[in-house]
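Using my numbering, you'd call the opening residue of the sequence shown number 556 and step up by one each time.
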Amino acid sequence: MFIDNVVITLSSGKGGAGAVSFRREKHVIQGGPDGGDGGRGGDVYFKVDKNTHTLSHFRGNLHLKAKNGQPGGGRKCYGKSGESLEIIVPPGTQIIDNETDEILLDLLEDGEKIKFLEGGKGGLGNVHFKSSTNQRPTHAQPGITGVTKQVRLELKLIADVGLVGFPNVGKSTLISVLSNAQPEIANYEFTTLTPKLGVVPTDNYSSFVMADIPGIIGGASEGKGLGLEFLRHIERTKFLLFMLDIANYRELFEQYETLQKELQNFSQDLSQRGFAIALSRSDALSTDEVIQKTQAFLNEIGLKSNETEEEFHFEKPAYVQNMDEYDIKKPFFVAPISSISNLNLNSMKYALSQVVKKVKIAKEEEL
556 MFIDNVVITL SSGKGGAGAV SFRREKHVIQ GGPDGGDGGR GGDVYFKVDK NTHTLSHFRG
616 NLHLKAKNGQ PGGGRKCYGK SGESLEIIVP PGTQIIDNET DEILLDLLED GEKIKFLEGG
676 KGGLGNVHFK SSTNQRPTHA QPGITGVTKQ VRLELKLIAD VGLVGFPNVG KSTLISVLSN
736 AQPEIANYEF TTLTPKLGVV PTDNYSSFVM ADIPGIIGGA SEGKGLGLEF LRHIERTKFL
796 LFMLDIANYR ELFEQYETLQ KELQNFSQDL SQRGFAIALS RSDALSTDEV IQKTQAFLNE
856 IGLKSNETEE EFHFEKPAYV QNMDEYDIKK PFFVAPISSI SNLNLNSMKY ALSQVVKKVK
916 IAKEEEL
């Protein structure tokens, strides 16, 4: 089961109480106090593990607690410290205060381990309260209570390219052809019920990660369909690939305009992410129909084809930006594709690899 949003309560351990004890041994006339300190309560840690891909293991665990510290003993014996609680989460998990919605932690790197809640200190034993005026202290400190916090864990997948499109436009088929992912594929809407990640190799040394989310429909930003629930998974993507079904009853421009609107309503930042457009299922139409629809769509979004009408080729992108003059406000390319016949898949794959590298470099320079 895929779970990407869960609310849990976390508690660090309470410190152990200090001991009230007096040395009582034969031939020791004035033994005095010897109560030891209580042990420290256990801390709460978050640890990132790339082998974990969901938050489903938290289902049913509504309150997780670190162990309490043990009380001190006689002969100045310290109590045992409480065992810390280590919470394993997948990369891309955000820890959010459930009351204020403040993002407390954003865990991205595999192996990262961060202390979240500190355990309570152990109380001091009565040995600490001996003085010239109080030779027989009969009190010790109680341990300090641990910290309890209710948090919301949200998983946002980390990918380079996020697929955006209506249901049943070929997103799952594309990611299954380009990568090692094996999503469910069927001829009905909403076959994708959970996000999928796939690694797309471009050569022996390069690859990028592609994310497929459930289809978005008009009104997704208002809660319709499944899109809103999973749009958070493309918030981290560096680049978006709009999948428009060229053989769909919806016009290409209608699909494009609806998707842009839903992204903008969900997140202003996401709507300004760099993007490209793939016109899927081009094998379902004749070459002339594909060319005609592609040219009409380019005109509607105010772009000119790289070639004249007479030179327009079916088996190549209809529009491609110059990488050196890359304008994030325009699609990097517009290309008719087919996952069945592999039309333009190789050229699209390498174009995506190029633009992802450029975006990465740009982000590093900003930092």
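Ideal placement from N, C-alpha and C gives every residue a C-beta, glycine not left out.
Please read these numbers as outputs of a predicted model, since none were measured by experiment.
message = Taking DSSP's pairing of strands, which residues face Glu664 in a bridge?
response = Translated into the one-based positions of the sequence shown, residue 664 becomes position 109. Looking at the DSSP output, Glu664 shares a beta bridge with no other residue.
ask   = Should Leu907 be labelled buried (16 or more other beta-carbon atoms within 10 Å of its own) or exposed?
value = Counted from its first residue, the sequence shown places residue 907 at position 352. In the assembly as shown, Leu907 is a buried residue. Its beta-carbon has 16 or more other beta-carbons within 10 Å.
request  = Can you grab the Cα-Cα spacing for the pair Glu844 / Gly829, in whole Å?
outcome  = As a first step, residue 844 must be located in the sequence shown, where it is residue number 289. As a first step, residue 829 must be located in the sequence shown, where it is residue number 274. Cα to Cα, Glu844 sits roughly 28 Å from Gly829.
query = For the alpha helix (DSSP H) that contains Val845, what are its first and last residues?
reply = Taking the sequence shown and counting its residues from 1, one reaches residue 845 at position 290. Looking at the DSSP string, the run of the alpha helix (DSSP H) that includes Val845 is 842 to 855.
ask   = What is the residue span of the alpha helix (DSSP H) that Val732 lies within?
value = Numbered from its first residue, the sequence shown carries residue 732 at position 177. Where Val732 is concerned, the enclosing alpha helix (DSSP H) starts and stops at 726 to 733.
key: Sheet register partners of Tyr600 (DSSP bridge)   = Position 45 of the sequence shown, counted from the start, is the residue given in the question as residue 600. In DSSP, Tyr600 forms a bridge with Glu641, Lys670.
request  = Can you give me the Cβ contacts of Ala895 inside the same chain, cut-off strictly under 7 Å, excluding the 5 residues immediately before and after it?
outcome  = Numbered from 1 along the sequence shown, position 340 holds the residue referred to as residue 895. Here residue 895 turns out to be Ile, not Ala, going by the sequence shown. Excluding residues within five positions, the ones whose Cβ falls inside 7 Å are Asp838.
query = Which one of Arg578, Ile584, Asn653 has the shortest CA to CA distance from Thr693?
reply = One-based indexing of the sequence shown puts residue 693 at position 138. Ranking the options by Cα distance to Thr693, first place goes to Arg578.
query = Given a threshold of 16 other Cβ atoms within 10 Å of its Cβ, counted over all protein chains shown, does Tyr633 qualify as buried or as exposed?
reply = Residue 633 sits at position 78 when you count from the first residue of the sequence shown. When all chains shown are included, Tyr633 counts as buried.
task = Could you tell me whether the stretch 681 to 696 touches the stretch 706 to 716, where touching means 3 or more Cβ pairs closer than 8 Å?
result = Not touching, per the Cβ criterion.
key: Euclidean distance between Cα positions of Ser636 and Arg595   = Start at 1 with the first residue of the sequence shown, and residue 636 comes out as number 81. Start at 1 with the first residue of the sequence shown, and residue 595 comes out as number 40. If I take the Cα positions, the gap works out to 5 Å.
key: Pair within 8 Å by beta-carbon distance, Asp665 and Lys631   = Here residue 665 refers to the residue found at position 110 of the sequence shown. Here residue 631 refers to the residue found at position 76 of the sequence shown. With respect to the 8 Å criterion, Asp665 and Lys631 are not classified as neighbours on the basis of their beta carbons.
inquiry  = Just verifying my parser: in three-state terms, what is the DSSP assignment at Glu812?
reply    = Position 257 of the sequence shown holds residue 812. Assigned with DSSP and collapsed to three states, Glu812 falls in helix.
task = Using the Cα positions of Lys913 and Val562, report the straight-line distance between them to the nearest angstrom.
result = Position 358 of the sequence shown, counting from 1, holds the residue named residue 913. Position 7 of the sequence shown, counting from 1, holds the residue named residue 562. The C-alpha of Val562 is placed about 37 Å away from the C-alpha of Lys913.
ask   = Just checking my contact of Ile801 with Lys848 at CB under 8 Å: how many whole Å lie between their CB atoms?
value = For the purposes of this step, residue 801 is taken as the residue at position 246 of the sequence shown. For the purposes of this step, residue 848 is taken as the residue at position 293 of the sequence shown. About 6 Å; that satisfies the 8 Å criterion.
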